[in-house]
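According to this note's numbering, the sequence shown is numbered sequentially starting from 3.
Idealized CB from N, CA, C, for every residue including glycine.
Predicted model only: the values in this text are computed from it and were never measured.
Okay, so here's the structure we're looking at.
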Amino acid sequence: MSSGARRAPPATTAQDALQYDSVVVPRYSGLFAQLIVDEILPGTRATVLDVGCGSGTPAFDVLRRLTEGGRVIAIDPDATLVDLARRRAAGGEDGRRIFFKCESANELHFGDEVFDIVVGNLALGALDAPVAMPEMRRVLVPGGRILLTQAMSGSFEEALDVLREIAAKNDSPTIAQRIESVAQRYPTRAEMARLAESTGFQDVRLREQSFRLSFRSARDLFVDPLMRLIGIPEWRFIAGFEPGGEKILEQMERTLDTYFGGGPLSLTVNAGLLAARRAL
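Below you can see the structure in the form of structure tokens.
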């Protein structure tokens, strides 16, 4: 799974979904989700679509920002994560105003101009953006808002720089190319703005907030359950899944230990929020 993505790997099992909810949400995707929640004023009356809702973040927190007349429709293509979110909503007050559906934003089964706000937390990495963005615009009312989060350029740069050094030492253009293909998954502010503007959104605004993922050592980083879901899969892709790839990761661990003296280290994550409106 890409570090910029917010959902568990494909073919999610019930155990995967619980691990995603208990590990990734509080330490990673929930930090992005708060950027969305902060944009919705308490007491807002709106019908909201949450695309790529996962296990319910930020759908439940968004609902609590709305008036009694507001409601949230939350969708995700992963049925296991949707089931987890439904169980959470069942039986509570939230259950009458929040609805979960298994569906992808690449093809929305809603009429035109239905929603006041569309939100998506770390959803773009799992979508075909040139297809999904017009779909999200289509279902917004004129003047409606879109709020999307994304891991931005510079995220995990410490790890990528170590891999660049290893690629140079090993004289491996293949690894170097893979590193840059991963780095390009983290867009710049200008690239995010162009994506929104080219889809016909206006009043485009980008907000960034950095946070750090901290570890006691390089060994701690490589066994951390969060990194095994959001970082290490990308680094394995860079190293190559063929024989010899594990040695690259071992080299990476040793190099990080050398840089940080075998002690604590941290990785930077640049959380970005894209806010824009559909034209009136």
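- Here Asp-78 is buried. Its C-beta has 16 or more other C-beta atoms within 10 Å.
- Comparing C-alpha distances from Ser-57 to each of Leu-150, Gly-94, Ala-76 and Met-135 shows the shortest one belongs to Ala-76.
- Arg-73 and Asp-63 have their C-alpha atoms roughly 12 Å apart.
- For Ala-169 and Ala-48, the gap between their C-alpha atoms comes out near 50 Å.
- With at least 16 other beta carbons inside 10 angstroms of its own, Val-120 counts as buried.
- Beta-bridge partners of Leu-223 (DSSP): none assigned.
- Around Val-116, the same chain offers Val-141 as residues with beta carbons nearer than 6 Å, after the five sequence neighbours per side are excluded.
- Straight-line measurement puts the Cα of Gly-94 at about 33 Å from the Cα of Arg-280.
- With a contact defined as Cβ atoms closer than 8 Å, Glu-41 and Leu-149 qualify at about 5 Å.
- Three or more Cβ pairs drawn from the segment 267–277 and the segment 202–218 lie within less than 8 Å of each other, which places the two stretches in contact.
- Note that the C-beta distance between Thr-14 and Thr-59 is not below 7 Å.
- Apart from sequence neighbours up to five positions away, the residues of its chain that approach Asn-123 with a beta-carbon distance below 7 Å are Arg-8, Ser-31, Phe-34, Ala-35, Ile-38, Gly-54, Thr-59, Pro-60 and Thr-151, ordered along the chain.
- The closest CA to that of Ala-198, considering only Leu-43, Leu-269, Ser-216 and Glu-137, is found on Glu-137.
- Here Asp-118 really is in contact with Val-143; their C-beta atoms are around 6 Å apart, less than 8 Å.
- Counting of Cβ neighbours within 10 angstroms places Asp-52 among the buried residues, the total reaching 16 or more.
- Contact between the segment 251–260 and the segment 177–193 is absent, with fewer than three C-beta pairs closer than 8 Å.
- Closest in alpha carbon position to Phe-239, among Leu-165, Ser-200 and Asp-130, is Leu-165.
- By the C-beta density criterion, Val-133 is exposed, having fewer than 16 other C-beta atoms within 10 angstroms.
- Residue Arg-67 holds the alpha-carbon nearest to the alpha-carbon of Asp-96 among Cys-104, Phe-112 and Arg-67.
- In this structure, Leu-228 places its C-beta atom within 7 Å of the C-beta atom of Arg-29.
- Counting only runs of 4 or more residues that sit fully inside the segment 175–225, the alpha helix (DSSP H) segments are 175–185, 191–200 and 220–225, in chain order.
- Ranked by Cα distance from Ala-185, the options Val-271, Val-26 and Val-50 are led by Val-271.
- In the structure shown, Phe-262 falls within a coil segment according to DSSP collapsed to helix, strand and coil.
- Of the residues Gly-233, Leu-267, Ala-178 and Ser-174, the one whose Cα lies closest to the Cα of Ala-220 is Leu-267.
- DSSP places Asp-114 outside both helix and strand once states are collapsed to three, so it counts as coil.
- From the listed residues Phe-217, Glu-159, Ile-232 and Ala-131, the smallest Cα separation to Thr-201 is found for Ala-131.
- Straight through space, the alpha carbons of Arg-139 and Thr-176 are spaced by roughly 39 Å.
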